[in-house]
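K.L.:
Residue numbers (the UniProt record's numbering): 1 to 548.
(1) What residue from 430, 493, 279, 363 has the CA that sits closest to residue 329's CA?
(2) Answer yes or no: do residue 517 and residue 454 have a C-beta to C-beta separation smaller than 8 Å?
(3) Using beta-carbon positions only, say whether residue 475 and residue 511 come within less than 8 Å of one another.
(4) Determine the direct distance from the alpha carbon of residue 492 to that of residue 397, and round the result to whole angstroms.
(5) Kindly list the residues whose CB is nearer than 7 Å to the CB of residue 275, restricted to its own chain and excluding five residues on each side of it in sequence; keep chain order.
(6) Residue 432: buried (16+ other C-beta within 10 angstroms of its C-beta) or exposed?
(7) Would a C-beta distance cut-off of 8 Å place residue 443 and residue 479 closer than the cut-off?
(8) Please list the terminal residues of the continuous beta strand (DSSP E) segment that includes residue 509.
(9) With DSSP run on the structure shown, which of helix, strand or coil describes residue 242?
(10) Round the Cβ separation of residue 273 and residue 253 to the nearest angstrom and send it over; I've been treating them as touching at under 8 Å.
(11) Compute the beta-carbon to beta-carbon distance between residue 380 and residue 391, rounded to the nearest angstrom, for a pair I have assumed lies under 8 Å.
(12) For residue 145, count the other beta carbons within 10 Å of its own beta carbon; 16 or more makes it buried, fewer makes it exposed. Which is it?
(13) Based on the DSSP secondary-structure assignment, which residues constitute the bridge partners of residue 390?
(14) When DSSP builds the beta bridges, which residues end up paired with residue 473?
(15) With a CB to CB cut of under 6 Å and the five nearest residues on each side skipped, what residues in its chain are close to residue 7?
(16) Take residue 389 as the anchor and find which of 406, 289, 519 has the nearest alpha-carbon.
(17) Using DSSP's beta-bridge definition, name the partner residues of residue 420.
(18) Using C-beta distances below 8 Å, list every residue in its chain close to residue 234, excluding the 5 sequence neighbours before and after it, in chain order.
(19) Counting along the chain, where does the beta strand (DSSP E) carrying residue 438 start and finish?
(20) According to DSSP, simplified to helix, strand and coil, what is residue 286?
(21) Could you tell me the boundaries of the alpha helix (DSSP H) in which residue 411 lies?
(22) Considering only residues of the same chain and omitting the five flanking positions on each side of residue 365, which have a CB-CB separation below 8 Å?
(23) Looking at the strands, I want to know which residues DSSP matches up with residue 466.
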């Protein structure tokens, strides 16, 4: 079970001829890469100093990684050839298993360590450059020497130590498991050995999770300092938790192979594996929905589309609740082992009781759905509902928030919003002004016609005028104390403050031109005429305080 040859399936069933051919192929590859390595190093010596530094970094690390892998695998093949060659047989199977395991494991994990170490050094140097402003000729592979660069370098060294310890412990564990596979069956299946293997696996699991977390953390640190990487940051952050749960599930599958013969352990591990995979799937779907919702929300903020932001938020909330409920039901089904229909039947009575207790909440929820589907208003529009006049600030699942013109916030349940008459001021296509301009009864016919012409000229092709809505000016009424002129015009678009500025300019021009034309505005007055029967005027004498 624990033999490394059976775990990796690498060269395990090869004959002596195949091993010789394989060794020859690896030796040929070894010679070719050595020639390439030395030719590149020779070429690097003739490069400029600033180019030479970067080339040396690449050559020394990437080529050395490949050289280490080829050398270890070549040594492993030669060891296999020695074992299968005719003549004196290799007598120490335990020693051979240990040596071959060390060689093969080192040939795999040392290049992996070097490759990951190269990536960590690169990421941390990039993080140091993002924290400090670098010149254009700076070396992207040499960590910054500033305070921020030193902190980032320390973090990179800490990651490096953790990665080194993890790979060393994992390599040591694989070698020990391979050696245990060569021991007698009684010793291999003993309780002490199995307990040690479980503890060893637990330590490896923690180390692997630590490395995965540090990889995501370092990647996010680099991306946050770069430009135009918002989408990549969102994707990396969304994949962080699902990948960790999948890693845990894979580790538990590995544990399961160790405890197959221990009663009860395999069943528990099966449930835990399914739960971790379920958590990874739920988190991945949840994060995908969040990303899609963010994109739709940003798209709905644009004025060139018909996507309602409130509907997007409602859809996001419904999908979230559905995902959470599906995850809870699936988790309960995994833990209990009962079918989903039985669980739903058991929740029927409880669901009915909850529905009766939450009648008002359900009414408001369905009221919000009616608002979303009918769309009588949306966020940012000015409405007049009941006695409140203000701007829609938020539309929730229970209530709608309105910010009144005086600054107060009014919270109205969606049930009332769905059943009330709503005057949507924000959707008016224009602003209409209807004004009565009054002049005195002493105004002559010519002056009245001149007053009408003045107002018509002021409003002719005015600002914000629509061709289908020309201004209207009429002498329409005899008031008790004045002659009435009706002035009516429409302003496009319905920008209230621009409309007010235009109305002010119209008022100033009317006052100015009426004054120049000698047309007097009327104001509420009462004129009393007293006459004697014979038509003579009355005389007032204040001497005796009498009126005759």
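Every residue gets a Cβ at the ideal spot worked out from N, C-alpha and C, and that includes glycine.
P.N.:
Inspection of the coordinates gives the following:
(1) 279
(2) yes
(3) no
(4) 35 Å
(5) 331, 334
(6) exposed
(7) no
(8) Careful: residue 509 lies outside any beta strand (DSSP E), inside the alpha helix (DSSP H) at 496-517.
(9) helix
(10) 6 Å
(11) 7 Å
(12) A caution first: residue 145 carries a pLDDT of 44, below 50, which makes its placement in the model too unreliable to give a value.
(13) 383, 404
(14) 487
(15) Any reading at residue 7 is ruled out, since the residue's pLDDT is 39, under 50, leaving its predicted position unreliable.
(16) 406
(17) The partner list for residue 420 (beta bridge, DSSP) is empty, contrary to what the question assumes.
(18) 291, 294
(19) 431-439
(20) helix
(21) Not the alpha helix (DSSP H): residue 411 falls in the beta strand (DSSP E), residues 409-413.
(22) 397, 398, 414
(23) 469
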